[in-house]
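There are 2 protein chains.
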Amino acid sequence: MQRIQDLPAEELKKLYDAELARYDGFVSAGLSINMARGTPCPEQLDLSEELLDIDMSPLHQCEDGDVRNYGILSGIPECRRLFAELCGVGPDNVIIGGCSSLQLMYDYVSQCVTKGPGVPGCAPWGEQNGVKFIAVVPGYDRHFGICEYLGIELVNVPITPEGPDMDAVEELIKDPSVKGMLCVPKYSNPDGVTYSAETVERLAKMTPAAPDFRVIWDNAYCVHDLYGDGDELPNILDVAAKYGHEDNFVVFVSTSKISFPGAGVSAVAGSDANIRSILGRMKYQIISYDKINQLRHVIFFRNLDGITAHMKRHAEILRPKFETVLGTLDRELTWTGAAHWIKPRGGYFISLYVDVGSASRVGELCKKAGLTITRVGATYPYGKDPDDANIRIAPSYPDCDTLKTAAELMCCCVRIAACEELLARV
Amino acid sequence: MQRIQDLPAEELKKLYDAELARYDGFVSAGLSINMARGTPCPEQLDLSEELLDIDMSPLHQCEDGDVRNYGILSGIPECRRLFAELCGVGPDNVIIGGCSSLQLMYDYVSQCVTKGPGVPGCAPWGEQNGVKFIAVVPGYDRHFGICEYLGIELVNVPITPEGPDMDAVEELIKDPSVKGMLCVPKYSNPDGVTYSAETVERLAKMTPAAPDFRVIWDNAYCVHDLYGDGDELPNILDVAAKYGHEDNFVVFVSTSKISFPGAGVSAVAGSDANIRSILGRMKYQIISYDKINQLRHVIFFRNLDGITAHMKRHAEILRPKFETVLGTLDRELTWTGAAHWIKPRGGYFISLYVDVGSASRVGELCKKAGLTITRVGATYPYGKDPDDANIRIAPSYPDCDTLKTAAELMCCCVRIAACEELLARV
Chain R
0 MQRIQDLPAE
10 ELKKLYDAEL
20 ARYDGFVSAG
30 LSINMARGTP
40 CPEQLDLSEE
50 LLDIDMSPLH
60 QCEDGDVRNY
70 GILSGIPECR
80 RLFAELCGVG
90 PDNVIIGGCS
100 SLQLMYDYVS
110 QCVTKGPGVP
120 GCAPWGEQNG
130 VKFIAVVPGY
140 DRHFGICEYL
150 GIELVNVPIT
160 PEGPDMDAVE
170 ELIKDPSVKG
180 MLCVPKYSNP
190 DGVTYSAETV
200 ERLAKMTPAA
210 PDFRVIWDNA
220 YCVHDLYGDG
230 DELPNILDVA
240 AKYGHEDNFV
250 VFVSTSKISF
260 PGAGVSAVAG
270 SDANIRSILG
280 RMKYQIISYD
290 KINQLRHVIF
300 FRNLDGITAH
310 MKRHAEILRP
320 KFETVLGTLD
330 RELTWTGAAH
340 WIKPRGGYFI
350 SLYVDVGSAS
360 RVGELCKKAG
370 LTITRVGATY
380 PYGKDPDDAN
390 IRIAPSYPDC
400 DTLKTAAELM
410 CCCVRIAACE
420 ELLARV
Chain A
0 MQRIQDLPAE
10 ELKKLYDAEL
20 ARYDGFVSAG
30 LSINMARGTP
40 CPEQLDLSEE
50 LLDIDMSPLH
60 QCEDGDVRNY
70 GILSGIPECR
80 RLFAELCGVG
90 PDNVIIGGCS
100 SLQLMYDYVS
110 QCVTKGPGVP
120 GCAPWGEQNG
130 VKFIAVVPGY
140 DRHFGICEYL
150 GIELVNVPIT
160 PEGPDMDAVE
170 ELIKDPSVKG
180 MLCVPKYSNP
190 DGVTYSAETV
200 ERLAKMTPAA
210 PDFRVIWDNA
220 YCVHDLYGDG
230 DELPNILDVA
240 AKYGHEDNFV
250 VFVSTSKISF
260 PGAGVSAVAG
270 SDANIRSILG
280 RMKYQIISYD
290 KINQLRHVIF
300 FRNLDGITAH
310 MKRHAEILRP
320 KFETVLGTLD
330 RELTWTGAAH
340 WIKPRGGYFI
350 SLYVDVGSAS
360 RVGELCKKAG
370 LTITRVGATY
380 PYGKDPDDAN
390 IRIAPSYPDC
400 DTLKTAAELM
410 CCCVRIAACE
420 ELLARV
């Protein structure tokens, strides 16, 4: 088949009419489908049901005391070991948080703003003028939100199939007001890109002009493989240590998409200096996070093998959903040349790129037909996609039949938008 | 009996020798007792055992959806209603937090530093020079810690049996750099004072020079009565509303000493404007706090009556402990005139005042004999009691026999310190 832009005017008009008729069909079906956020579906939540069944009442003691009482700021030893395994660090280099890694990240950046990241001789970011962060785009809107709220200017660096455009990063870090970078290095949100070994090496190697530079290494999807042979991401703290740059990276993880979103356990891992600095703030902020929930998770998962086995069950639920959407995109859009996407092997999203200037139109058409997608623009700082081209698809929540309908509707909308643009040029 | 300072030199010397001999007895007993922190004892934790037994696995739904999944930033409606009852506000005026009200307080003050409390025209506290807070002293070390860490200067105002010295407060708030006040208005930490209706009225009425003035109203012991007829504290938000000053007060509570310390539920209550401002920050910080634990608490306590009934069981455990210590103080110290204290009717502490300049000596003697008490000075900002006179006693954790020994040892140490001081003058 010819690409949509190569179709003769007659055929283009015919396609447009056909798609409009098809669209009317979707509209009259009165759909109500939500693909806006990376929300696990009920079947995934059911996988952790036993976590809720554990009778904790005879299980009060952890290695450091009664989990029902005050104390143990950095987390119970058993849980630190579990997350140390997950992060590939020693237990002393991990702190267990509450139910949200977003909170740990916000708190860390907020601490850097009020007090700085603990680098001698550097003023808090809040006392330095015009502090900037590199945003790998498209990216995670809540990352951007932290910086936007705290007054840190975001500078876009595009993602490539290997990770962030490292030439751009290496150029930007020459500016001492560039204080850090936000990234999801494995199955990135939304593209599903895992940073290559070379990218990780270049990130580890970089010597930013700002001595108080910090990368928020949000390893949200570290064990979230869709296929048996998951992508391999080198351990950033190990690679950075080769260059003496281990302080530049702070690693965040959570069980939000392993056990329960918003009722799991989060953790932050880092160098000795960063752990010291974070605990130095945390001791003023909280006496201890929920140790009962920490112990519950340790009992349920036991170790990294337990987590890995559990994630295979998530993958069995998620894989058909991703394949339903990807199959539909392939079937309906590949020939058109009006969109492209990366086929992710893990994570929670599919990132669809349509023609420059038409993503908003696609979003509008989807919405009118009852399909809620992530707000177009949300994958960029300040909610503004400079190309108006990126659409984030979150296939985890709806069931496969619904997803098939949603994906077909979306493809129909992409075709309509493409036709409209081409017809406007005629 | 004569007061210790009125004893003839001979008798003073005799008393001193007798106390030293008694002290040696304590030392050779090889004690190891900890009365440093307001930590509930295991029997108190056992009262909430059923909370850990609730099989949550069939109980996924709250009024607003699945508690296992993302969402509901301000807390599940059921839990908001429970805490609304506890705080005497409407459900829309309360936000449910994580397991720690300290964290809610830290986060609130930190927000005021980076962004301000949301008063139009006022710069964030961090951008104003020399911001100060009133510290009611003696007080809670972790309150002071928040301000010390965040660079807010603390100005002492002494507590009286009616609450803070309001003349001093009313004078200080004329200074526009005084931005707020830290207080525990019911069964204050450590004195156990409940602010009188007149004090609450004067606090509500005050018009600080700083338009962005905020009182951290830490109602930590709101239902923590030791006796059936608990102290009555007027509802600060209601009283303040009479003057249009409801924005000046932000109320914090938690179940740390109701269910489990560090695994309970916390909440913040306030005016519409303050709730809006806090949610406006929280939406960048977290997607939702642990809703499973919120639902667990709702199922366990049901309503305020459930909490009140539960607190009576706590009181039955705590009352004999307080009475053991207070009885010993009465018996051993009242006649001496070398110490005074307020008899609390709730809360977690007894605040002992010894002769000016001798609290450190008492602490030192206690420590040498194996009794750990709250570090002398910790009840004042910067860890410095200007009078070196206050000792905080936390009777909740040890059993009554141990407490009796501990209290006798402490009284012995107080007498020794008093004798030493008087003998040095001779």
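In order, the protein sequences belong to chains R and A. When we follow numbering that gives the first Met the number 0, the leftmost residue of the first sequence carries the number 0, and every step to the right adds one. When we follow numbering that gives the first Met the number 0, the leftmost residue of the second sequence carries the number 0, and every step to the right adds one. Cβ atoms here follow ideal geometry from the backbone N, Cα and C, with glycine treated the same way.
Within-7 Å CB hit, A/Ile349 to chain R: For A/Ile349, the answer is no, since every Cβ of chain R falls outside 7 Å of its Cβ.
Contact with chain A by R/Asn68, beta-carbon distance below 7 Å: A Cβ of chain A is located within less than 7 Å of the beta carbon of R/Asn68.
Chain R residues whose Cβ lies nearer than 7 Å to that of A/Lys290: Proximity of chain R to A/Lys290 at the Cβ level (cut-off 7 Å) is accounted for by Gly261 and Ala262, in chain order.
Neighbour-count burial assignment, A/Ala219, 16 or more Cβ in a 10 Å radius: Buried, because 16 or more other Cβ atoms sit within 10 Å of the Cβ of A/Ala219.
C-beta neighbour in chain A for R/Asp52, strict 7 Å: Among the residues facing chain A, R/Asp52 is included, as its CB has a counterpart in that chain under 7 Å away.
Contact list for R/Thr38 against chain A, beta-carbon separation under 9 Å: Those within 9 Å of R/Thr38 in chain A are Asn68, Tyr69 and Gly70.
Option nearest R/Gln127 by Cα separation, candidates R/Gln43, R/His309, R/Cys111 and R/Asn302: The residue among R/Gln43, R/His309, R/Cys111 and R/Asn302 with its C-alpha nearest the C-alpha of R/Gln127 is R/Cys111.
Start-end ranges of the beta strand (DSSP E) lying completely within the region 131-163 of chain A, minimum 3 residues: DSSP assignment within the region 131-163 of chain A yields the following whole beta strand (DSSP E) runs of 3 residues or more, N-terminal first: 131-136 and 152-159.
Within-7 Å CB hit, R/Tyr381 to chain A: False, the Cβ-Cβ gap to chain A never drops below 7 Å.
When R/Ala405, R/Ile133, R/Ala338 and R/Ser47 are compared against R/Gly369, the one with the closest alpha-carbon: Out of R/Ala405, R/Ile133, R/Ala338 and R/Ser47, R/Ala405 has the C-alpha closest to the C-alpha of R/Gly369.
Listed by chain order, chain R residues near A/Met55 by CB distance under 7 Å: Chain R residues near A/Met55: Leu51.
Chain R contact residues for A/Arg63, given Cβ-Cβ distances below 9 Å: This sequence places Asp at residue 63 of chain A; Arg is not what is there. Per Cβ cutoff of 9 Å: no residues; A/Asp63 is ~12 Å from chain R at best.
Under 7 Å from the C-beta of A/Ser99: neighbouring residues of chain R: Against chain R, the beta carbon of A/Ser99 has neighbours under 7 Å at Ile285 and Ile286, listed in chain order.
Same chain only: Cβ atoms within 6 Å of R/Pro90, ignoring 5 sequence neighbours per side: Cβ neighbours of R/Pro90 within its own chain (closer than 6 Å, five residues either side excluded): Arg79, Arg80 and Ala83.
Closer than 9 Å at the beta carbon, the chain R residues around A/Ile465: No information on residue 465 of chain A is available, as it lies outside the stretch 0 to 425 that chain A covers here.
Spatially closest choice to A/Ala122 from A/Pro175, A/Leu85 and A/Gly138, by CA coordinates: Checking every option, the nearest Cα to that of A/Ala122 belongs to A/Pro175.
Cβ distance (whole Å) where R/Tyr347 is taken to contact R/Ser395 below 8 Å: Between R/Tyr347 and R/Ser395, the beta carbon gap of about 6 Å places them in contact (Cβ cut-off 8 Å).
Supposed contact pair R/Val361 and R/Cys418 - C-beta distance, whole angstroms, cut 8 Å: Not a contact, Cβ separation roughly 12 Å.
Residues of the region 84-108 of chain R with Cβ closer than 7 Å to any Cβ of chain A, in chain order: Residues Gly97, Cys98, Ser99, Leu101, Gln102 and Tyr105.
Distance between R/Met205 and R/Phe248 (C-alpha atoms, nearest Å): Taking the CA atoms as reference points, R/Phe248 sits about 11 Å from R/Met205.
Nearest-angstrom beta carbon gap, A/Trp124 and A/Val130 [assumed within contact, 8 Å]: Indeed, because the Cβ distance is near 5 Å, the residues count as touching under 8 Å.
Chain-order list of residues whose beta-carbon lies under 6 Å from that of R/Pro116 (same chain, five-residue window excluded): Contacts found: Asp211 and Arg213.
Chain R contact residues for A/Gly138, given Cβ-Cβ distances below 8 Å: Within chain R, no C-beta atom comes less than 8 Å from the C-beta of A/Gly138; the nearest is roughly 15 Å away.
Buried versus exposed, by CB contacts within 10 Å (16 or more), A/Glu18: Buried.
CB of A/Val93 within 7 Å of CB of A/Leu294, strictly: Taking 7 Å as the Cβ cut-off, A/Val93 and A/Leu294 do not qualify as a contacting pair.
Beta-carbon separation (whole angstroms), R/Val238 vs R/Val199, contact threshold 8 Å: A Cβ-Cβ separation of about 6 Å places R/Val238 in contact with R/Val199 under the 8 Å criterion.
Per-residue contacts from A/Pro41 into chain R (C-beta, under 9 Å): What A/Pro41 touches in chain R: His59, Asp65, Arg67 and Asn68.
Chain R contact residues for A/Leu149, given Cβ-Cβ distances below 7 Å: Per Cβ cutoff of 7 Å: Thr113.
Interface flag, A/Leu278 vs chain R, CB-CB below 7 Å: No, no contact with chain R.
DSSP state of A/Asp217 mapped onto helix, strand, coil: In the structure shown, A/Asp217 sits in a strand (DSSP, three-state: E or B).
Proximity test, Cβ basis, 7 Å: R/Gly125 and chain A: Yes - at least one Cβ of chain A is within 7 Å of the one on R/Gly125.
Chain R contact for A/Leu44 (CB, 7 Å cutoff): For A/Leu44, the nearest beta carbon of chain R is closer than 7 Å to its own beta carbon.
Other residues of its chain near R/Ala35: CB distance less than 8 Å, five sequence neighbours each side excluded: Its chain contains Thr371, Ile372, Thr373, Arg374 and Ala393 as the residues whose beta carbon lies nearer than 8 Å to that of R/Ala35, once the 5 sequence neighbours on both sides are disregarded; these appear in chain order.
Contact with chain A by R/Glu77, beta-carbon distance below 7 Å: Not one chain A Cβ lies under 7 Å of R/Glu77.
Partner residues on chain A for R/Glu48, Cβ-Cβ distance less than 8 Å: In chain order: Ser56.
Alpha carbon of A/Leu30 to alpha carbon of A/Lys367, nearest angstrom: Going by the C-alpha atoms only, they are around 10 Å apart.
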